[in-house]
Amino acid sequence: MKKNFLLLIPALATLGLTQCQTSKPTATAASTAPTAPAPTQQQKDYKYQTVEGDPLKARIYTLANGLTVYLSDYDDAPRIQTYLAVRAGSKNDPATATGLAHYLEHMVFKGTSKLGSQNWATEKPELDKIEALYEQYRSQRNDPAARKRTYHQIDSISSVAAKYAVANEYDKVMGAIGAKGSNAYTSVEQTVYQEDIPSNQIEKWAAIQSERLGEMVPRLFHTELEAVYEEKNRGLDNDFSKEYEALNRSLYQKHPYGTQTTIGTIEHLQNPSITEIKRYFEKYYVPNNVALCLSGDLDYDQTIRIIDQYFGKLQNKPVPAFTPAQEAPLTAPLVKEVVGPDAENVMIGFRFPGTTSREALVLRMVDKILSNGQAGLIDLNLNQKQTVLQAASFTDINNDYSSHILYATPRQGQKLEQVRDLLLAQLDKVKQGDFPEWLIPAIVNNEKLQRTKSYESNEARAGAFVAAFVAREDWKDYLKQVDDFATISKKEVMRVASQYYGPGYALVYKRTGKDPNTVKVVKPAITPVPVNREVASEFYKQVTSISTPELQPVFVDYKKDIQETKLASGIPVFYTRNTENNLFNLYYVLDLGTNNNPKLGLAADYLQYLGTGKYNAAQLQQEFYKLGCSFAVSSGQDRIFVSLSGLDSNMEPALQLFEALLAAPNPDAAALKNMVAGVLKSRQDAKLNKQVILSQGMVNFAKYGPKNPFTSQLSEKELKALKPEQLTALIKSIPTYQHRVLYYGPRLLGDEMEVVGTDTSLYKSGIRRTLNELHKTPAKLTPVPANKDFAEQPMNSRKVYWVDYNMVQAEILFLSKGPVYDKSIVPTTSLYNEYFGGSMGSIVFQELRESKALAYSASSRFANADKVGRSSYNLSYIGTQSDKLPEAMAGMNSLLNDMPVAEANLQIAKNAIRNSIATERITKSDILFSYERAKRLGLDYDLRRDVYEQTPNMSFADLQKFQQARVKGQNQTILVIGSKDRLNFKELAKYGQLQQLSLKEIFGY
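Residue numbers for the sequence shown follow our numbering, so the first one is 150 and each next one is one higher.
Here it is as structure tokens:
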């Protein structure tokens, strides 16, 4: 229901993936949930598999019914990341009903005969009627009048059935137990349901999840179908999505990877079959085709007993084998063109064997040889030399086949065919072995480093289990990939590259223009259905009544959790020790930014193209990559972050390199000329990006007026007049200003020497000693100038700003100004956000999506300022079909001015906040950044304490008082982006003075 290539790949989620939605606790009390069998009198002995040397210390169990369970104990916080993975995805969709797996994913959130129903005996007959009517509706494809009559019946009966349902009860019950991130995604191979739960709620989680794995009731079907329509329309507005689909159609002309999409065709979406969805569920949602993947603060023995108690009752069934279509070799380029409003680019795709093949492993190596962010051929030859605007490569590795995709955007005046040739030239270098000998060993080391870093996250740990299960790969073999990866030789890379990067490939040119084939999913008439907020099923009551041990919050104590010292120069160092691994993060932080000098951002970007006296820019990047370290300099509006991170054992040589670069970067006139040309092209491309236009340009215009942080940048004339020495002087000045140091790593704080491992001849110095020796600063640091914040505009009247953009949907932001930052209202705003607009169980989501089917995405949030003296804002969003704009705007506006009363939802919101804070732990480098945020707000303590302590005593009257004072009736600036041919301007004018904004007004150029 929602999920998110870094940098230039804004929508990698479209790779056939659609995403929608500290002591260990003691054993919990026996369940009273109706789905739980009686606890056994004698504890079973559960056999499990482990792998020697496994960094996750995983145990893999297989229950008697075939359910696979992966468990990993990681005590970073008293929470557990859970994934319920079904080994079936969109490739298993019938060719006559594409999008079925994804739509089923939505339906699994609707509950069962027990969860989500007030009166199943009365509800079921109505649902049976709806199912039969949809089959009739499908058979009337060629009779529009008959279809209209049938749909009217569906709509009418759906309203009756909804009276017996409890909308969003799954989201409510998960909120009540303190779950976060309730969601799911569907890909070509799998459908995965995710929850992040408090560790003391494992039994309630098991009761709920086993219930919905055992049964699926497709209630509220037609309103959810509308949400899927909206999701489809969002894809139709996404040029990257259309481009990637075109690429796959060329690569896979027989296999479902290319012949069908995860979201499905418009034809199939408009002719859904509940019967087919049920068949799919019964066929694939069986325990022997499912894995539970858990990582977090868990007790192995207790957890597997609970899982068996609830999931063990499910019956296994034979799962039909999938026979992949055999693709013929591609012998020549297959060229397609995609037209849309976004910036132009080129995408090239090659076909490889599937996940468990040796070739797929080598493909991963080739991908890193090309693009690893620092020292790859694309990184250095295309990005670092600025021969294109931006380029990268990525893999899409699946069970039956894999894809390797190269992607680049052109510079000003550069033809897409030239960009294609530059990308293909990098592949030729791989085939010829034209890359340094040290690169493969460095890639192996950096991959190990990244894996070590990722295993600090329960999401990554549990995600590894999902990957192994979906690939049908034994956990031992999955882990062995790390060792196998290290055996790949240059000779093997050249052989595989020569074999698979042949003359046949898929090529897509994305050109800017109006798509002549633009279509949309047509809106049917829907009567809003009741959501029954105050009602709860018996299942809900019984599950939430299961007793659980209470967990107490742990708040950050900045005085205890952060140690402080000073360097010889007087620079303060804030320190938190890494006791988990050999990785470090080092930051120099300056309270100075682009508000003071717009050139600072350019100087920070320029640094990546510069070398020092000893190394040119490319060699410098290679040296850092060899060391397993990386650096960055970023400038925000009022702060600069200079960072170095990587292997602590290589910190000294990396820091020496970095300090040398900061102290004496070599001016490079050609690099500056190319960078300026790239900036100007990027500015043009930004004007083609609807998210930049709306979320950055229009929001800043509304808050500050035409002169704002977004438009505060050098003009084209000023850019072209820049001298290299101006920017290098700014870079060299960074360490001369007063600043502070943040360090998270394994070193001791002071001047002491520490033995490295068991070798008593190897020592490393404490961080203060290291920095005193290597951090070069003048004897007297320059005070930073006073910050120049932009003045926020008063919102004294109602305004509607709109921008014309060629799109199917319309996206709308409602913006109103609140008070300057006030810590005393933070507990109230936290509860307000959770109750009103912060989750899938919130009022906004229930009303606008579940009841009225007006949007795929709808939210509202009162955003507290992040700095003392700045204003807070209320920001509400809805994305909808343009022809639904009147109802969508009226719906959101009505909620903002007349907040519905729902005591049950309020209690769920309270529990969600309390459970979240009680089980959230701010650890590692997050402690340092939590302190940074607190200082900006004038705080010296963890503000979550106030939220936790005050939330239980709040009443709905408190929320209403806040809402009426800070939200209701406030002057709004409404921001709308959509096609002028589809927008309803008469409707927009009802909400305030209507004004079209030009892109020049928004961007300042």
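C-beta atoms are modelled at their ideal positions from N, C-alpha and C, and glycine is treated no differently.
**Item:** From 591, 497 and 552, residue whose alpha carbon lies closest to that of residue 574
**Value:** Taking the first residue of the sequence shown as position 1, residue 574 is located at position 425. Ranking the options by Cα distance to residue 574, first place goes to 497.
**Under 8 Å between C-beta atoms of residue 898 and residue 714** = In the sequence shown, counting from the first residue as 1, residue 898 sits at position 749. In the sequence shown, counting from the first residue as 1, residue 714 sits at position 565. Yes. Within cutoff.
**Message:** Beta-carbon within less than 7 Å of residue 730's beta-carbon, same chain only, minus the 5 sequence neighbours each way: which residues are those?
**Reply:** Within the sequence shown, residue 730 is the residue found at index 581, counting from 1. Within the same chain, residue 730 has close Cβ partners 601.
**Item:** Simplified DSSP assignment, three categories, for residue 444
**Value:** For the purposes of this step, residue 444 is taken as residue 295 along the sequence shown, with counting starting at 1. Strand.
**Asked** Taking DSSP as the reference, what is the three-state secondary structure of residue 176?
**Response** Along the sequence shown, read from residue 1 onward, the residue named residue 176 stands at position 27. Low per-residue confidence applies at residue 176: pLDDT is 34, beneath 50, and the placement is therefore not dependable, though the value from the model is reported in the following sentence. The answer is coil: DSSP assigns residue 176 none of H, G, I, E or B.
**Request:** Assess, as a yes-or-no matter, whether the stretch 497 to 506 is touched by the stretch 633 to 640 under the definition of 3 or more beta carbon pairs within less than 8 Å.
**Result:** no
**Distance, residue 623 Cα to residue 344 Cα** = Here the question's residue 344 lines up with position 195 in the sequence shown. Here the question's residue 623 lines up with position 474 in the sequence shown. Going by the C-alpha atoms only, they are around 24 Å apart.
**Asked** What's the gap between the Cα of residue 816 and the Cα of residue 749?
**Response** Start at 1 with the first residue of the sequence shown, and residue 816 comes out as number 667. Start at 1 with the first residue of the sequence shown, and residue 749 comes out as number 600. Rounded to the nearest whole angstrom, the C-alpha separation of residue 816 and residue 749 is 16 Å.
**Prompt:** In this structure, does DSSP put residue 678 in helix, strand or coil?
**Reply:** Locating residue 678 in the sequence shown gives position 529, counting from the first residue. It is coil, neither helix nor strand.
**Item:** alpha helix (DSSP H) runs wholly inside the stretch 318 to 394, at least 4 long, in chain order
**Value:** 318 to 325, 351 to 363 and 370 to 385
**Message:** Using CA atoms only, rank isn't needed, just tell me which of 1085, 982, 954 and 1092 is closest to residue 1125.
**Reply:** The sequence position of residue 1125 within the sequence shown is 976, counting from 1. Measuring from the Cα of residue 1125, the nearest candidate turns out to be 954.
**Prompt:** DSSP on residue 618, reduced to helix/strand/coil?
**Reply:** Along the sequence shown, one-based indexing puts residue 618 at 469. Reduced to three states, the DSSP call for residue 618 is helix.
**Message:** Just to confirm my understanding: we take residue 843, look at its own chain, exclude 5 residues before and 5 after, and list those with CB closer than 7 Å. What are they?
**Reply:** Numbered from its first residue, the sequence shown carries residue 843 at position 694. Around residue 843: 960, 962, 1124 and 1126.
**Prompt:** Cα separation between residue 527 and residue 515?
**Reply:** Here residue 527 refers to the residue found at position 378 of the sequence shown. Here residue 515 refers to the residue found at position 366 of the sequence shown. Distance between the alpha carbons of residue 527 and residue 515 is about 11 Å.
**Request:** Return the bridge partner residues of residue 555 from the DSSP annotation.
**Result:** Your numbering for residue 555 matches position 406 in the sequence shown. Answer by DSSP bridge pairing, in chain order: 497 and 542.
**Message:** Which runs of the alpha helix (DSSP H) at least 4 residues long sit entirely within the stretch 212 to 288? Give them in chain order.
**Reply:** 249 to 256 and 269 to 287
**Message:** Suppose you measure from the CA of residue 544 to the CA of residue 694; what does that come to, to the nearest Å?
**Reply:** Taking the sequence shown and counting its residues from 1, one reaches residue 544 at position 395. Taking the sequence shown and counting its residues from 1, one reaches residue 694 at position 545. Each residue's CA atom was taken as its position, placing residue 544 and residue 694 some 46 Å apart.
**Request:** Measure the alpha-carbon distance for residue 882 versus residue 722 and round it to whole angstroms.
**Result:** For the purposes of this step, residue 882 is identified with residue 733 of the sequence shown, where counting begins at 1. For the purposes of this step, residue 722 is identified with residue 573 of the sequence shown, where counting begins at 1. Roughly 20 Å between the two C-alpha positions.
**Message:** Determine whether the beta carbon atoms of residue 747 and residue 861 lie at a separation below 8 Å.
**Reply:** Here residue 747 refers to the residue found at position 598 when the sequence shown is read from its first residue. Here residue 861 refers to the residue found at position 712 when the sequence shown is read from its first residue. With contacts defined as CB atoms closer than 8 Å, residue 747 and residue 861 qualify as a contacting pair.
**Request:** Specify, as a first and last residue, the run of the alpha helix (DSSP H) that residue 970 falls within.
**Result:** As a position in the sequence shown, residue 970 is number 821, starting the count at 1. First-last for residue 970: undefined, no H or E at that position.
**Prompt:** Taking the C-alpha atoms as reference points, what is the distance between residue 253 and residue 1090?
**Reply:** Mapped onto the sequence shown, residue 253 falls at position 104. Mapped onto the sequence shown, residue 1090 falls at position 941. C-alpha separation (whole angstroms): 46 Å.
**Prompt:** Where does residue 862 fall in DSSP's three states?
**Reply:** Translated into the one-based positions of the sequence shown, residue 862 becomes position 713. In the structure shown, residue 862 sits in coil (DSSP, three-state: anything other than H, G, I, E or B).
**Message:** Let's see if you can read the secondary structure: which residues bound the beta strand (DSSP E) around residue 659?
**Reply:** Indexing the sequence shown from 1 puts residue 659 at position 510. 655 to 661 is the extent of the beta strand (DSSP E) around residue 659.
**Asked** Quick one: is residue 319 near chain B, going by C-beta distance under 8 Å?
**Response** As a matter of chain content, chain B is missing from the structure shown, which is built from one protein chain.
**Prompt:** Taking buried to mean at least 16 other C-beta atoms within 10 Å of its own C-beta, is residue 989 buried or exposed?
**Reply:** As a first step, residue 989 must be located in the sequence shown, where it is residue number 840. It is buried - the Cβ of residue 989 has at least 16 other Cβ atoms within 10 Å.
**Run of the beta strand (DSSP E) containing residue 721, from where it starts to where it stops** = By 1-based counting over the sequence shown, the position of residue 721 is 572. Looking at the DSSP string, the run of the beta strand (DSSP E) that includes residue 721 is 721 to 726.
**Asked** CA-CA distance, residue 627 and residue 361?
**Response** In the sequence shown, the residue the question calls residue 627 occupies position 478. In the sequence shown, the residue the question calls residue 361 occupies position 212. If I take the Cα positions, the gap works out to 29 Å.
**Item:** Range covered by the beta strand (DSSP E) that runs through residue 734
**Value:** Sequence index remark: in the sequence shown, residue 734 carries index 585 (1-based). Note, residue 734: beta strand (DSSP E), 732 to 739.
**Asked** Which residue's Cα is closest to the Cα of residue 246: 720, 206, 287 and 262?
**Response** Taking the first residue of the sequence shown as 1, we reach residue 246 at position 97. The candidate whose alpha carbon is nearest that of residue 246 is 287.
**Message:** Starting from residue 951, trace the beta strand (DSSP E) in both directions and tell me its first and last residue.
**Reply:** As a first step, residue 951 is located in the sequence shown; it is residue number 802 there, counting from the start. Counting along the chain, the beta strand (DSSP E) containing residue 951 begins and ends at 948 to 953.
**Request:** Give the straight-line distance between the Cα atoms of residue 617 and residue 232, rounded to the nearest whole angstrom.
**Result:** Position 468 of the sequence shown holds residue 617. Position 83 of the sequence shown holds residue 232. If I take the Cα positions, the gap works out to 13 Å.
**Asked** Taking the alpha carbon of residue 317 as the point to measure from, which residue in 373, 589, 285 and 355 has its own alpha carbon closest?
**Response** Counting from 1 along the sequence shown, the entry for residue 317 is found at position 168. For residue 317, the nearest C-alpha among the options comes from 373.
**Asked** From the DSSP output, which residues share a beta bridge with residue 902?
**Response** For the purposes of this step, residue 902 is identified with residue 753 of the sequence shown, where counting begins at 1. DSSP output for residue 902 lists 914 as bridge partner(s).
**Request:** Kindly give me the distance between the Cβ atoms of residue 700 and residue 1068, rounded to whole angstroms, as I take these residues to be in contact under 8 Å.
**Result:** Here residue 700 is taken as the residue at index 551 of the sequence shown, counted from 1. Here residue 1068 is taken as the residue at index 919 of the sequence shown, counted from 1. Rounded, the Cβ-Cβ distance is 6 Å, consistent with contact.
**Item:** Burial state of residue 261, where buried means 16 or more other Cβ atoms lie within 10 Å
**Value:** In the sequence shown, counting from the first residue as 1, residue 261 sits at position 112. That one is buried.
**Message:** Can you tell me whether residue 931 is buried or exposed? The criterion is at least 16 other CB atoms within 10 Å of its CB, across all chains shown.
**Reply:** Taking the sequence shown and counting its residues from 1, one reaches residue 931 at position 782. Under this definition residue 931 is an exposed residue.
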